[in-house]
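Protein chains in written order, with our numbering: chain A, 1 to 345; chain B, 1 to 345. Even glycine gets a Cβ: it sits at the ideal position worked out from N, Cα and C. Everything numeric in this text was worked out from a predicted model, so none of it was measured. Quick notes on the structure that follows.
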């Protein structure tokens, strides 16, 4: 397993189609991040977008030795647009063109900081889904406090049906096994109580499906169980997952702001104390941008990854490097196998 | 306004029916908490439950001078029971008997750490609802990091309809005005994006209702906006609110656990540094048990409050004192007035 995650000398580089135009700080930060990523071993970057815009943001230093190519795409889908309509009306959108590169085999992965909905819709439309999956989901470890716990779905789907939640559980289980090396991941449904009969309709209806599956299903967990490792995979609707993830990430910075005012002048913020506080305030960050597989759209028949809309260059570079590792871990084929087992049940 | 929250010498004591049997550590911790609360000005405690069990947990010292009465109730509703069935089948349950004391005017408030569902159902059944409210909701300020922001509903309702979410917005707005003294509270719907068209069906359908209302509606906010004060009232389904609240409360203790291992021996945990860390780890606690109005079932035609199931004596005492202040703030009548205005629109 571990071997899959390393790039051997003989491996061909992993070709990653980067949507240069998507994101709050695109193209600037995405282009800078892609250049940083291109300096890593085993990566070839395909920057997709309006080339004359993209090149403005290349670093001053010579980048001609780096494995970076350009594919022209004249259009852009914004967050405000309905993904399905937008993809239909803008066939030359960067996200569409980038997804098609995976479909045609010209790229091994596509990655975007643009609209999550547009990325998901485009991936489904042009790369396709794994059999048995009705909608792909985003899974992410909960760094730093629970890096071995996967939260899935982090925001690709809302109003999920029980069979969709089950497919998230399967994807999360594969994530846990193949990328975090957990042998028999404990899978739980996120709920407002641990007793049977608690919860909303979708969660109550999902329980028997999970129980019948061959997942290592441990039942319901509550909000306060997420960080304590009771479950390795915490399954939820993307509405809940997205709110939780964004809330979690806001706590560290908010606590820092709060304490800066409160302790001003009282504690000398020097040396190890300063360092320690810096660590404390960075405890609450999700791995969508830091961990292997973070931001992957699980269920797409290929590697399609989303990044935070507000991502900056260095994080973008890390995510692109993670995309390489995710391709090498061959998770799409693993998930296909797992889905077959479930369907055989 | 402020005057309402103070107890004048001439005020009659506020009579609080405490469900002595509900809660993970009941009756011990509830009884101890009630005795502590009875030492406060302007409070009369009515302990409801099995008296011969209750008296076992009275403190050794003489309590005969304290305003404590007992009302016998022979049954108990557990978390595992369906609230509606349980209330029907157990007419002598402590929660039922305590609620009826409010209905009959023998108590000014009822409070329980037992099943939230049983408390809500019992309150609706025996105390009744305010006109225009279909289901009561739990609102709570987000102490310590956002003590002026109300999250509502924190877990009394799931699968909420748009008109229910609107009534939570109205209740939250009254909370903010009357208990936090915010003049024109900004009300927002919690969503996974700020753009129109984002979100699940219930949230999307709620938007026009909020827009038409006379609330100071500011639109959608996301998970990362909750703590930053963008909205004074954050409205959500109780499924989301309950998970968020429990998750939030788990972060401080989890961070402490994490850091204890990490910094062992590296930083001397003495004096102000130790104190500061203690403060940091208690930053994430909801006010259900600490703030005025925290845990109130907004929409019940009387004061009915829930406490955390795992509450201990001192917190329980604080919540009972808060119940007194909530009665004095006359929030039920304020909410009735606000509901009338909405219905007149």
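task = Would you be able to state if there are at least three C-beta pairs under 8 Å between the region 256-266 of chain A and the region 180-199 of chain A?
result = With the cut-off at 8 Å, the region 180-199 of chain A and the region 256-266 of chain A do not touch.
ask   = What separation, rounded to the nearest whole angstrom, lies between the Cα atoms of residue 159 of chain A and residue 212 of chain B?
value = If you take the alpha carbons of residue 159 of chain A and residue 212 of chain B, they lie about 25 Å apart.
query = Would you call residue 89 of chain B buried or exposed, if buried means 16 or more other Cβ atoms sit within 10 Å of its Cβ?
reply = The residue in question, residue 89 of chain B, is exposed, as its Cβ has fewer than 16 Cβ neighbours within 10 Å.
Member of A:32, A:184, A:50 and A:48 whose CA lies at the smallest distance from the CA of residue 60 of chain A = Cα-wise, what sits closest to residue 60 of chain A is A:32.
query = Since residue 246 of chain A meets chain B, which of its residues come closer than 9 Å, beta carbon to beta carbon?
reply = Those within 9 Å of residue 246 of chain A in chain B are 192, 222, 223, 224, 225 and 226.
request  = Would you give the residue range spanned by the alpha helix (DSSP H) that residue 33 of chain A belongs to?
outcome  = Unbroken alpha helix (DSSP H) run through residue 33 of chain A: 28-38.
ask   = By a C-beta neighbour count over all protein chains shown, 10 Å radius and 16 as the cutoff for buried, is residue 122 of chain A buried or exposed?
value = Buried.
request  = My understanding is that residue 427 of chain B touches residue 50 of chain B, with C-beta atoms under 8 Å, so please give their C-beta distance in whole angstroms.
outcome  = With chain B running from 1 to 345 in the structure shown, residue 427 of chain B is simply not present.
key: Backbone secondary structure at residue 215 of chain A - three-state DSSP   = Correct three-state label for residue 215 of chain A: coil.
ask   = Thinking C-beta only, is residue 135 of chain A closer than 8 Å to residue 156 of chain A?
value = Closer than 8 Å, so yes.
message = Determine, for residue 250 of chain B, whether the minimum Cβ-Cβ distance to residues of chain A falls below 8 Å.
response = Judged by the 8 Å Cβ criterion, residue 250 of chain B is in contact with chain A.
request  = Grab the span of the beta strand (DSSP E) containing residue 70 of chain B for me, first residue to last.
outcome  = Here the beta strand (DSSP E) through residue 70 of chain B covers 68-72.
task = Residues of the region 198-224 of chain A with a CB closer than 7 Å to any CB of chain B: list them in chain order, please.
result = For chain B, the residues of the region 198-224 of chain A that bring a beta carbon within less than 7 Å of one of its beta carbons are 199, 200, 201, 222, 223 and 224, in chain order.
Residue 44 of chain B - DSSP class collapsed to helix/strand/coil = In the structure shown, residue 44 of chain B adopts extended strand secondary structure according to DSSP, grouped into three states.
query = What residues of chain B sit near residue 258 of chain A, judged by a beta carbon separation below 8 Å?
reply = Within 8 Å Cβ-Cβ: 144, 145 and 283.
ask   = Within the 8 Å Cβ cut-off, does residue 314 of chain B reach chain A?
value = Not one chain A Cβ lies under 8 Å of residue 314 of chain B.
key: Span of the alpha helix (DSSP H), counted from its first residue to its last, around residue 295 of chain B   = Bounds of any alpha helix (DSSP H) do not take in residue 295 of chain B, whose DSSP letter is neither H nor E.
message = If the criterion is Cβ atoms closer than 8 Å, does the pair residue 17 of chain B and residue 102 of chain B meet it?
response = Taking 8 Å as the Cβ cut-off, residue 17 of chain B and residue 102 of chain B qualify as a contacting pair.
ask   = Using a C-beta to C-beta distance shorter than 7 Å, which residues of chain A count as neighbours of residue 233 of chain B?
value = Ordered by position in chain A, no residue passes the 7 Å Cβ test against residue 233 of chain B, which lies about 16 Å from the chain.
ask   = Hey, is residue 120 of chain B's beta-carbon within less than 8 Å of any beta-carbon in chain A?
value = By this cut-off, residue 120 of chain B is not an interface position.
query = How many Å lie between residue 181 of chain B and residue 232 of chain B at the Cα?
reply = Whole-angstrom Cα-Cα distance: 11 Å.
query = Is the shortest distance between the beta-carbon of residue 155 of chain B and the beta-carbons of chain A less than 8 Å?
reply = Yes, residue 155 of chain B counts as interfacial toward chain A.
query = Using the beta-carbon of each residue, which ones in chain B are nearer than 7 Å to residue 82 of chain A?
reply = Within chain B, the residues near residue 82 of chain A are 197.
request  = Determine the closest residue to residue 330 of chain A out of A:307, A:309 and A:299, with distance taken between C-alpha atoms.
outcome  = Nearest option by C-alpha distance: A:299.
request  = Tell me, please, which residues DSSP counts as bridged to residue 140 of chain B.
outcome  = Paired residue(s): B:151.
inquiry  = According to DSSP, simplified to helix, strand and coil, what is residue 289 of chain A?
reply    = With a pLDDT of only 48 at residue 289 of chain A, under the threshold of 50, the placement of this residue in the model should not be trusted, and no figure is reported.
inquiry  = When you compare the CB of residue 97 of chain B with every CB in chain A, is at least one pair closer than 8 Å?
reply    = Interface flag for residue 97 of chain B against chain A is unset, since no Cβ pair is found closer than 8 Å.
Which of helix, strand or coil DSSP assigns to residue 324 of chain B = Helix.
request  = Check the C-beta distance from residue 95 of chain A over to residue 19 of chain A and give it rounded, since I have them as a contact under 8 Å.
outcome  = The C-beta distance from residue 95 of chain A to residue 19 of chain A rounds to 5 Å, short enough to meet the 8 Å contact threshold.
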